[in-house]
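Colleague:
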Amino acid sequence: MTNTVMNTVRKAVKNRKLQVLLGPVVAIVMFAGAVQMASLLMSGEYRSPARAPLETVDQTPRVAGLADEAEDAAAEAQTTLYEEAEYRTFPVVGSRVAIWVVAQLHLLFAAFVLAVPIFAFIIEVIGYKTGDPRYDKLAHEFTRLLSVSFSLTATLGAFLTFMLIILYPQFTNYLMSVFSFTFLPYVLLFFAEAFFLYTYYYGWGKFHPLVHLGLGLGLNLVGTGIMLIANAWLTFMTSPAGISESGAMISTWDAVNNFTWMPINIHRVIANVCFGGSIAAAYAAFKFLQAETDEERAHYDWMGYIGNFIAIIAFLPLPFAGYWLASEIYAYSQTLGLTMMGGAFSWLFIIQAVLIGSLFLAANYYLWLGMGRIQGNQSLQKYIKYLLIAIAACFMIWATPRSIIATVAELRAMGGATHPILGFLGVMSAKNTAVNILILTTFMSFILYRRTGKVATVQWAKTGYAVQLAIFAAAAIFVIFLGIYGYFVEASVRIGLSVPQVGSVLLAMVSIAVIDVFLFRKASTAEVHWGRIPAVSQYALIFIAVTFTWLMGLMGYVRSGLRQHWHVYGVIRDNSVDAFTPTLGFATQVVSVAVLIFFVLIGVVFWITGLHDRPDRALAPAPQRETHTGGQVVLGGAATAHQTSAATEMRGVSAQDIEGRTKLS
Amino acid sequence: MTVPVVAKIGALVLVTTGFYTYIGQLVPQNEVQPPEEIAISADITTAEMVEIGREIATGKGLCMTCHTIGQTGALRFPDLSGVAGRATTRVPGMSAVEYFAQSLYEPDSYIVEGFSPGMPVINVPPIGLTDEEILAVIAYLQSLGGTPTVTLQTAHTYYTPENAEPPAEEVAPGDAPPAAAPPTPGIAPDAPPAQEATP
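Protein chains in written order, with the working numbering: chain A, 170 to 834; chain B, 1350 to 1548.
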């Protein structure tokens, strides 16, 4: 008997499951015991073992003494005067990094929530005009990502507001006093945004199409209004206007319509569409990689293509909007402009060049891989190597720094900080030229993709091709000519050359696109096998999304960090411990942390959105036991069939729909 | 072993952000501190003012963000090498001290040929140098190709210190004396002296 008990205990002690279960219990019991013991010891009166002389011992009973002390402390607290704190500190990482990360996350989600309705609305309009239900279903699927993202945006916005009030009370108070008139409209617009967003999403298929489109339009208008108000706050910090030298309000409209407000508005709308398109494409890539059927792969390949198409098309004019913003910064303050491009932040633009070069390479790579899903692609693929060479060359020029990081010996060998050859490529004349050629090349890459598998049937086809080629060549030669000319003229003239460079590229893109539309209007087209694309293409889409997100973080930093030791440039000085401008290395680390947190959160959004596709547990039949049928293992077939059909029904699009599609969008 | 798609995507996100973070560590790492207040004692010598002025020009004053010293070619703003000599001849009849003072207090009044306006007013935020600090910067500018004469008691159109002393005039050889200087076109005879600007 004793042996049996002992054996049982011995086995129990060796049982790992029991150890895991009992371990926390034992720890809790030990912790509670320690707390109990400490309470017991503390509750007793202290008795000196040495017995001090009676005259030196405070005769006041301990409890009474403690009460007196508490009373004194309360009385002292009552006499304390109210004093508004200028700053408070956030533990561990400090106030600036805390605000930085939260603001960045809020802006990323806000950009997504503002962008998706723009292209969802446009896709829905296309579906309405063409009568093709696939577009309507695609627009609906894009908006499915909105619901959870909207909640996260609002939560992060509230978090950011509280953090500002707590950590930077005086500065926040000042901003609130200047922009007090904007807060009520902002809140009202936010309510309207929630109304339009949820009726737009939940009302899909429940209203007349035009009414539903009206809701989509309302959603976009209200969203843009919210962005315009928020942009007024942040641009005022960089280029304050409408106030006196002491910061007192003179003109509210001037405060809103400051130098950088409209350039930021335009830049943000375009960048938001880029970013939203890339994240939606990443969602499609995620679903593609997890797809189990050809139908799903076909659908998500198409969705990813559309998302990426939106991102890249919006990305092409973005550098031009960036030029305008930079020129307005210069117009407001040459010092601010030079700090950005030639001072503390000049090296940041080398990092930016690496990011944008990576984006262009990945976007072109995806397009080239996409040619494989179209029959008859061989004739145009031979041009890809030339495009790749052009893109790589432009990338290298754009990423060339003016001053080389070198050792003393290397500097001596070069004869200065500037390399005798590379130094010439590190100036704006060369870089402006490189980025314009890069945009032009990517556009041509898309044109090649677009015409893959198509044969123009119009009589003037050859002339059309020749004219397109001539326009492309003329634009490229003109851009390069102006780039070289820029080396020989004064700075004031050189800065102005970027306008005709940009203008010629835009003109070339528009005219080539218009000719292309007419050229292939009645073209015979090859079949597009959606879903037949290497999996690596989907990782390229995810890479593009990460790079866009990181780029937004980096450019957000330069926009905000440009003020250096000012909360409001030239008006409210930063007197906190974080008033210094950190190194670019540190900034990139913070950006990376924000990006990683964003992707964790967007992963949650994808997961929650994906729950929508799953069958209702209450409706699904109970899983059947495994049954051997002729040597094959069949799992709960009914459930699987239900799941597949539910997923297909949800998407409302079949593989036949997509496979049968013969026209590229 | 099949690696789950989520793990592959997670690895891609990590590697991509890691790559860009690494690029961020490759570029020069400069931490820019807010400008420190420079104490200028009342009994400071001209030589000491030149040194303080140099510190201000390269630091708090942000002068070297735009201007250069010893560079040629297609510059965005005038090079300051030898500016003391040019300052006496920019506007006939105007001393170097007055010219420099106006360049700092009213930079858009006179634009050097071939350049565009753009210099900020130096005595108001965001730069916001004090009158004493501006005197130190003028002393430094005088040292660039000339002999500094400025002290804390030097007065000019924009600032008259207590115990002010008249500025030591420097006129380039061959220039007409101030009294004989012809009136600047567009300026009435009884208007304040023709104001120049950017060095």
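Glycine is no exception: its CB is placed at the ideal position from the N, C-alpha and C atoms. Source: prediction; values computed, not measured.
What three-state label does DSSP hand W269 (chain A) in the structure shown?
Modeller: helix
Colleague: If you run the structure through DSSP and keep just helix, strand and coil, what is V1352 (chain B)?
Modeller: Correct three-state label for V1352 (chain B): coil.
Colleague: Please report the distance separating the alpha-carbon of A495 (chain A) from that of V380 (chain A).
Modeller: 41 angstroms
Colleague: Are T750 (chain A) and A513 (chain A) close, meaning C-beta to C-beta below 7 angstroms?
Modeller: yes
Colleague: Can you tell me the Cα-Cα spacing of A203 (chain A) and L190 (chain A), whole angstroms?
Modeller: Computed Cα separation, rounded: 21 angstroms.
Colleague: Rounded to a whole number of angstroms, what is the C-alpha to C-alpha distance between S447 (chain A) and T351 (chain A)?
Modeller: So the alpha carbons of these two residues sit roughly 32 angstroms apart.
Colleague: Grab the span of the beta strand (DSSP E) containing H736 (chain A) for me, first residue to last.
Modeller: W735 to V737
Colleague: Measuring straight from C-alpha to C-alpha, what distance separates V737 (chain A) and T322 (chain A)?
Modeller: 25 angstroms
Colleague: With C-beta atoms as the reference, is W516 (chain A) less than 7 angstroms away from V1376 (chain B)?
Modeller: yes
Colleague: What ranges does the alpha helix (DSSP H) occupy inside the stretch 600 to 677 of chain A, keeping only unbroken runs of at least 4 residues that lie completely in it?
Modeller: 630 to 654, all fully within the stretch 600 to 677 of chain A.
Colleague: Please name the residue, chosen from A:R786, A:Y367 and A:V294, that lies closest to V317 (chain A) on a Cα-to-Cα basis.
Modeller: Among A:R786, A:Y367 and A:V294, the Cα nearest to that of V317 (chain A) is on A:Y367.
Colleague: Is there a Cβ of chain B sitting closer than 7 angstroms to that of G739 (chain A), yes or no?
Modeller: At least one C-beta of chain B is nearer than 7 angstroms to the C-beta of G739 (chain A).
Colleague: Measuring alpha carbon to alpha carbon, tell me which residue in A:W430, A:S413, A:G416 and A:L386 is nearest T404 (chain A).
Modeller: A:W430
Colleague: If we define contact as Cβ-Cβ less than 7 angstroms, is V759 (chain A) a contact residue for chain B?
Modeller: no
Colleague: My output table needs one value for I1393 (chain B): the three-state DSSP class, helix, strand or coil.
Modeller: coil
Colleague: Expressed to the nearest angstrom, what Euclidean distance is found between the alpha-carbon atoms of I653 (chain A) and I640 (chain A)?
Modeller: Answer to the nearest angstrom: the Cα atoms are 20 angstroms apart.
Colleague: Ordered along the chain, which non-local residues of its own chain (more than five positions away) have a Cβ less than 8 angstroms from that of L1501 (chain B)?
Modeller: Here the set comprises I1389, A1391, I1393, M1398, E1481, L1484 and P1510.
Colleague: Between the alpha carbons of H1300 (chain B) and L1493 (chain B), how many angstroms are there, rounded?
Modeller: Given that chain B is displayed from residue 1350 to residue 1548, the structure contains no residue 1300 (chain B) and the question cannot be resolved.
Colleague: Return yes when the Cβ of L710 (chain A) is within less than 7 angstroms of the Cβ of A449 (chain A), no when it is not.
Modeller: no
Colleague: Would you mind listing the alpha helix (DSSP H) stretches within the stretch 261 to 336 of chain A that are 4+ residues and don't spill past its ends, in chain order?
Modeller: 264 to 299, 302 to 313 and 315 to 336
Colleague: Ends of the alpha helix (DSSP H) at G592 (chain A)?
Modeller: L591 to L594
Colleague: Taking its Cβ as the centre, do 16 or more other Cβ atoms sit within 10 Å of Q1382 (chain B), making it buried, or is it exposed?
Modeller: exposed
Colleague: Under the three-state reduction of DSSP, which class applies to V1381 (chain B): helix, strand or coil?
Modeller: strand
Colleague: Is the stretch 553 to 572 of chain A close to the stretch 595 to 611 of chain A, with three or more CB pairs under 8 angstroms?
Modeller: A contact between stretches requires three or more CB pairs, one per stretch, nearer than 8 angstroms, and the stretch 553 to 572 of chain A meets this requirement with the stretch 595 to 611 of chain A.
Colleague: Taking only runs of the beta strand (DSSP E) that begin and end inside the stretch 1443 to 1526 of chain B, which ones reach a length of at least 3 residues, in chain order?
Modeller: Within the stretch 1443 to 1526 of chain B, no complete beta strand (DSSP E) run reaches 3 residues.
Colleague: Is the stretch 694 to 709 of chain A in contact with the stretch 531 to 546 of chain A, if contact means three or more CB pairs nearer than 8 angstroms?
Modeller: yes
Colleague: Less than 8 angstroms between the CB atoms is what I'm expecting for I560 (chain A) and L487 (chain A), so what's the real figure, rounded?
Modeller: Not a contact, Cβ separation roughly 17 angstroms.
Colleague: With a cut-off of 7 angstroms, does the C-beta of H734 (chain A) fall near any C-beta of chain B?
Modeller: yes
Colleague: Let me make sure I understand the geometry here. Which of A:N176, A:V705, A:D241 and A:A308 has the alpha-carbon closest to that of Y369 (chain A)?
Modeller: A:A308
Colleague: Please list, in chain order, the residues of the stretch 695 to 720 of chain A that have any C-beta partner in chain B closer than 7 angstroms.
Modeller: Y708, I711, F712, V715, T716 and W719
Colleague: Classify T817 (chain A) as helix, strand or coil using the three-state DSSP reduction.
Modeller: Low confidence applies here, because T817 (chain A) scores a pLDDT of 41, under 50, leaving its location unreliable and the question unanswered by this model.
Colleague: Quick check on this structure: which residue in A:I525, A:K623, A:S761 and A:V705 has the alpha carbon closest to the alpha carbon of F457 (chain A)?
Modeller: A:V705
Colleague: Between the Cα of G411 (chain A) and those of A:I766, A:V740 and A:I777, spot the shortest distance and give me the residue it belongs to.
Modeller: A:V740
Colleague: Can you have a look at N477 (chain A) and say buried or exposed, based on whether 16 or more other CB atoms are within 10 angstroms of its CB?
Modeller: buried
Colleague: Excluding the 5 residues flanking L276 (chain A) on each side, which residues of the same chain have their C-beta closer than 8 angstroms to its C-beta?
Modeller: M721 and G725
Colleague: Please go through the same chain and pick out, in chain order, the residues whose beta-carbon is closer than 7 angstroms to the beta-carbon of V266 (chain A), but skip the five residues on each side of it.
Modeller: V759
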